[in-house]
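One structure is given below, encoded as structure tokens.
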Amino acid sequence: MSYRRYVVTLIVLTLTLVLLALACLVFGSVEIPVRNIADIVMGKGGGNKAWEIIILQSRIPMIVTAALAGAALSVSGLMLQTTFNNPLAGPSILGVSSGAGLGVAIVILAMGGSLGGLLGEGVGSYIAILVGALMGAGVVLVVLIAFSAIVRSNTMLLIIGILVSYLTSSVVQLLNSVATEEGVHNYVAWGFGNFSGVSAAQMPVYAGIIILALMASMMMVKPLNALLLGARYARNLGINVPMTRNILLLITGVLTAVVTAFCGPIGFIGLVVPHIARMSLGTSNHSRLVPATILAGADIALLCSLASVSNPHGIIPINAITPIIGVPIILYIIINRRRIQYFN
Amino acid sequence: MKPIYTTQDLAVGYRNGKKEVTLLSGLNLSLESGKLVALLGRNGAGKSTLLRALTCDERPLSGSILTNGKNLLEMSQKERSRLIGLVSTERIQAGALTVTELVGLGRQPHTGFLGRLDDEDREIVRQAMIDAGISDKAGDYVASLSDGERQKAMIARALAQQTPIIILDEPTAFLDVASRIETMRLLQTLAHDRGKAVLLSSHDISQSLLLADELWLITTDRQVLTGSTQELVNQGAMNYLFTNRDIHFNPQILDYSFL
Chain A
1 MSYRRYVVTL
11 IVLTLTLVLL
21 ALACLVFGSV
31 EIPVRNIADI
41 VMGKGGGNKA
51 WEIIILQSRI
61 PMIVTAALAG
71 AALSVSGLML
81 QTTFNNPLAG
91 PSILGVSSGA
101 GLGVAIVILA
111 MGGSLGGLLG
121 EGVGSYIAIL
131 VGALMGAGVV
141 LVVLIAFSAI
151 VRSNTMLLII
161 GILVSYLTSS
171 VVQLLNSVAT
181 EEGVHNYVAW
191 GFGNFSGVSA
201 AQMPVYAGII
211 ILALMASMMM
221 VKPLNALLLG
231 ARYARNLGIN
241 VPMTRNILLL
251 ITGVLTAVVT
261 AFCGPIGFIG
271 LVVPHIARMS
281 LGTSNHSRLV
291 PATILAGADI
301 ALLCSLASVS
311 NPHGIIPINA
321 ITPIIGVPII
331 LYIIINRRRI
341 QYFN
Chain B
345 MKPIYTTQDL
355 AVGYRNGKKE
365 VTLLSGLNLS
375 LESGKLVALL
385 GRNGAGKSTL
395 LRALTCDERP
405 LSGSILTNGK
415 NLLEMSQKER
425 SRLIGLVSTE
435 RIQAGALTVT
445 ELVGLGRQPH
455 TGFLGRLDDE
465 DREIVRQAMI
475 DAGISDKAGD
485 YVASLSDGER
495 QKAMIARALA
505 QQTPIIILDE
515 PTAFLDVASR
525 IETMRLLQTL
535 AHDRGKAVLL
545 SSHDISQSLL
555 LADELWLITT
565 DRQVLTGSTQ
575 ELVNQGAMNY
585 LFTNRDIHFN
595 PQILDYSFL
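Each protein sequence line maps, in turn, to chains A and B. For the first sequence, the working numbering assigns the number 344 to the last residue and increments by one with no breaks. For the second sequence, the working numbering assigns the number 603 to the last residue and increments by one with no breaks.
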């Protein structure tokens with residue numbers, strides 16, 4: 001794969017990111033003139049207090065939240081696909097997201113008797129929710145590791161992931177049946193997925209953890225490339241396979257759990273974006289794939305975010321949009337399997 | 345010549361829960377630089393199990409493996425990766441890598457944390473592709489290679505690893521006759537001209553007899569007979585490979601025939 005194609009792809013993805021971020025700044029349920037938006041962003045004040053609040057406390061945090069969530073889920077998907085040697089792996093299809101969701105539900109119930117105030121303003125409460133999400137994601141990952149040692153088949157592992165999702169959602173429903181009506185309502189709303197749930201106060205924790213984990217994933221390109229050849233070759237290349245796999249799954253778990261705790265269980269992005277990155281770069285080489293996946297993930301999430309505010313009558317749930325983008329791409333990939341290099 | 349790789353009283357097999365099933369035991373085998381050794385045996389005799397133990401992919405049931413006086417089993421993965429290069433039959437997921445990138449992965453034991461290649465690494469990769477006869481495909485996707493070319497690329501990858509020992513599990517299994525002969529010739533050249541100790545397992549008995557310097561024969565009563573190809577053929581050892589009394593080894597054609 002040529003270096004030029006790599007550079008051009010990165011430039012295009014970055015420009016798209018800037019354009020989408022600007023679009024997310026301009027378009028929303030309230031119309032604000034572009035000149036006033038520019039003034040507010042520059043810190044000169046827009047002459048209208050309400051507009052200032054919308055831009056600074058709603059749109060900008062939402063852009064950052066969405067971009068980071070997209071990057072995080074996509075890199076998680078990439079690492080899961082390489083680790084499990086399975087092109088259809090992803091944080092939601094393998095049940096990692098729903099595990100995190102179950103953790104969130106349990107913590108909320110234990111803390112307040114209801115699922116209400118999912119991302120309450122108290123610092124303690126959202127840290128507890130994060131911990132719950134991490135534990136939930138961790139348990140699912142451990143289950144997946146255990147099963148992947150027993151069932152060698154890729155398809156079976158996906159089915160186990162789907163079964164895990166069913167199981168966790170049934171546990172959540174059982175929890176809901178003893179929760180308050182408000183709690184159930186909040187839980188359902190959280191399940192729709194949304195990028196506006198991170199407050200300015202929570203942003204440093206959310207962004208800090210995700211950025212650290214993304215940096216950690218960039219440090220893993222060497223073992224990830226070795227794993228393309230399978231565990232036996234990776235060992236022969238000097239890679240400690242069990243330790244590498246645990247580190248990769250730890251990073252995946254952290255990324256997925258943080259995003260899920262704050263934004264809800266968001267499907268398809270983690271599954272689809274690594275394929276977009278591979279196909280646009282024409283390579284499985286992770287030293288190029290990881291940066292491209294991060295950028296493409298941010299792009300797709302911003303696109304979804306933009307689509308979600310495009311309805312004048314209210315916000316469209318993110319999880320109503322991701323399948324519309326994701327399913328056609330997955331079908332394209334399945335149909336063209338034989339012509340796509342990285343399957344062969 | 346002094347062997348660079350020896351096993352001492354090695355026993356291999358598999359563990360089934362707490363039960364140990366020994367396939368081969370009391371093995372004192374050795375590999376020398378510059379020699380091509382072929383491991384032959386019928387299916388299920390334990391060829392793959394033995395190779396997995398020799399590459400430390402599976403812990404042997406007992407015994408030790410020495411190279412340069414050090415026990416291979418006590419080394420780190422990293423140290424071993426500089427001693428033994430492996431070519432196995434596993435399916436790889438590397439179709440969207442170019443041949444150069446694939447062969448470049450062989451440099452991993454020698455590169456830093458991020459696996460970046462410097463000029464010296466790139467030169468070694470280039471030379472490995474020339475030696476394996478795959479340099480004309482350097483920029484092609486692995487997915488576009490034929491089975492024979494793919495095997496050459498994997499051998500080039502092992503060469504780029506610059507290990508004194510190369511172990512190959514059924515390197516000719518999926519190849520057509522022409523590629524099979526070509527691959528065996530290549531391995532012989534690597535042993536004779538580059539001074540590598542090359543060990544391969546094979547089903548292709550006549551090719552192995554033609555080209556291998558030494559044989560390791562796993563007999564039907566689970567012994568491993570070793571010696572130069574000529575010696576073993578002359579001793580009639582080839583008849584211990586199979587149990588069927590009607591099938592005999594014919595030294596004239598270097599193959600088995602029905603009597």
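Think of the CB as a built atom: it goes at the ideal place given N, C-alpha and C, for glycine as much as any other residue. Every value quoted in this text rests on a predicted model; they were computed, and no experiment measured them.
Query	Result
B/N588 - DSSP class collapsed to helix/strand/coil	coil
Endpoints, the alpha helix (DSSP H) within which A/S280 is located	269–281
Residues in the stretch 386–412 of chain B having any Cβ partner in chain A nearer than 9 Å	R396, T399, C400, D401
Inside the stretch 18–65 of chain A only - alpha helix (DSSP H) runs reaching at least 4 residues	34–42, 49–53
CA-to-CA distance, A/F268 to B/N583, given in whole angstroms	60 Å
B/G580 to B/M528 span [Cα, whole Å]	24 Å
Local conformation of B/F593 per DSSP, three classes	strand
Proximity test, A/S308 beta-carbon vs the ligand MN heavy atom, cut-off 8 Å	Looking for the ligand MN in the displayed structure turns up nothing, as the structure carries no ligands at all.
Where A/L115 falls, given that 16 or more other Cβ within 10 Å makes a residue buried	Residue confidence is low: A/L115 scores 40 on pLDDT, short of 50, so the model does not pin down where it sits. Its coordinate-derived value is still stated next. Per the 10 Å Cβ criterion, buried.
Residue-chain proximity (B/S432, chain A), Cβ-Cβ < 9 Å	yes
C-beta neighbour in chain A for B/A438, strict 9 Å	yes
Helix, strand or coil at B/D465 according to DSSP, with G and I counted as helix	helix
Ordered list of alpha helix (DSSP H) runs contained in the stretch 402–455 of chain B, each at least 4 residues	421–425, 443–449
Test: A/F343 CB closer than 9 Å to a CB of chain B	yes
Outcome for A/A226 when other beta-carbon atoms lying within 10 angstroms are tallied against a minimum of 16	buried
Selection from B/D590, B/Q352, B/L598 that minimises the alpha carbon distance to B/L555	B/L598
Endpoints, the beta strand (DSSP E) within which B/Q532 is located	Counting along the chain, B/Q532 falls outside any beta strand (DSSP E), though it belongs to the alpha helix (DSSP H) covering 521–538.
CB contact below 9 Å: A/A226 versus chain B	yes
A/I210 - DSSP class collapsed to helix/strand/coil	helix
Whole-angstrom distance between A/V140 and B/T507, CA atom to CA atom	40 Å
Assigned secondary structure, B/L368 (DSSP; H/G/I helix, E/B strand, else coil)	strand
Test item: CB-CB of A/V254 and A/A149 under 9 Å	no
Host beta strand (DSSP E) of B/A382 (start-end)	380–384
A/G282 and A/Q341 closer than 9 Å at C-beta	yes
Meets three-Cβ-pair contact criterion under 8 Å: the stretch 490–505 of chain B and the stretch 438–448 of chain B	yes
Contact set between A/N285 and chain B, taken where Cβ atoms lie within less than 7 Å	L441, E445
Exposure label - B/F602; buried when at least 16 CB within 10 Å	exposed
Contact with chain A by B/L379, beta-carbon distance below 9 Å	According to the sequence as given, residue 379 of chain B is Lys; it is not Leu. So, not an interface residue.
Per-residue burial, B/T399 [other beta carbons within 10 Å of its own, 16 or more giving buried]	buried
Per-residue contacts from B/A487 into chain A (C-beta, under 9 Å)	I340, Q341, Y342, F343, N344
Cutoff 9 Å: B/T455 Cβ touching any chain A Cβ	yes
Test: A/G116 CB closer than 9 Å to a CB of chain B	Reliability fails at A/G116, whose pLDDT of 43 lies under 50, so the model's placement of it is uncertain and the value that follows must be treated cautiously. Chain B contact via Cβ: absent.
A/S284 versus B/N372 - alpha carbon distance	42 Å
Neighbour list for B/L449 in chain A, Cβ cutoff strictly below 7 Å	N225, A226, L229, L237
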